[in-house]
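Oh and the sequence shown: position 43 is 129 in the numbering used here, straight run, nothing missing. Glycine is no exception: its CB is placed at the ideal position from the N, C-alpha and C atoms.
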Amino acid sequence: HRCRGARVDGTLVPLHTPEQQSAALEFAQCVRDNGVEDFPDPVEGEPLIDTYQIPSSDTPEGMAILNAATAKCGDLVAEVMGGQ
């Protein structure tokens with residue numbers, strides 16, 4: 087389900103500040119660097135992680151790689167976006 091606020095699990099992440107946008111871009115690059123080459127840069131008002139935009143996540147193996155990468159990179163966005 088979607089809720090307002092920063093969550094690395096794919097729920098809605100509104101990007102309000104340059105710092106948040108910068109963190110989201112760093113997160114996206116980190117995820118790409120960790121095996122998800124088709125991970126898109128964030129778009130204002132869109133979820134930070136939208137599996138519909140990540141074709142490689144269509145398989146169980148691809149989803150496992152995505153989950154591992156987002157877990158590894160999550161700290162990049164959690165603090166600046168107020169996540170837990």
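Nearest-angstrom Cα separation, counted from residue j out to residue i
i      : j      : result
Glu147 : Thr103 : 34 Å
Cys129 : Gln107 : The sequence shown places Val at residue 129, not Cys. Cα to Cα, Val129 sits roughly 9 Å from Gln107.
Arg118 : Leu111 : 11 Å
Met167 : Tyr138 : 23 Å
Beta-carbon gap between residue i and residue j smaller than 8 Å
i      : j      : result
Gly131 : Ala155 : no
Where the alpha helix (DSSP H) through residue i begins and ends
i      : result
Ser108 : 104-119
Glu147 : 146-159
Sequence-distant residues of its chain with Cβ nearer than 8 Å to residue i (five each side left out)
i      : result
Ser142 : Val122, Glu123, Asp124, Gly148, Ile151, Leu152
Lys158 : Cys116, Asn120
Gly162 : As written in the sequence, residue 162 is Leu, which differs from the Gly given in the question. Only Ala109, Glu112, Phe113, Cys116 meet the Cβ criterion.
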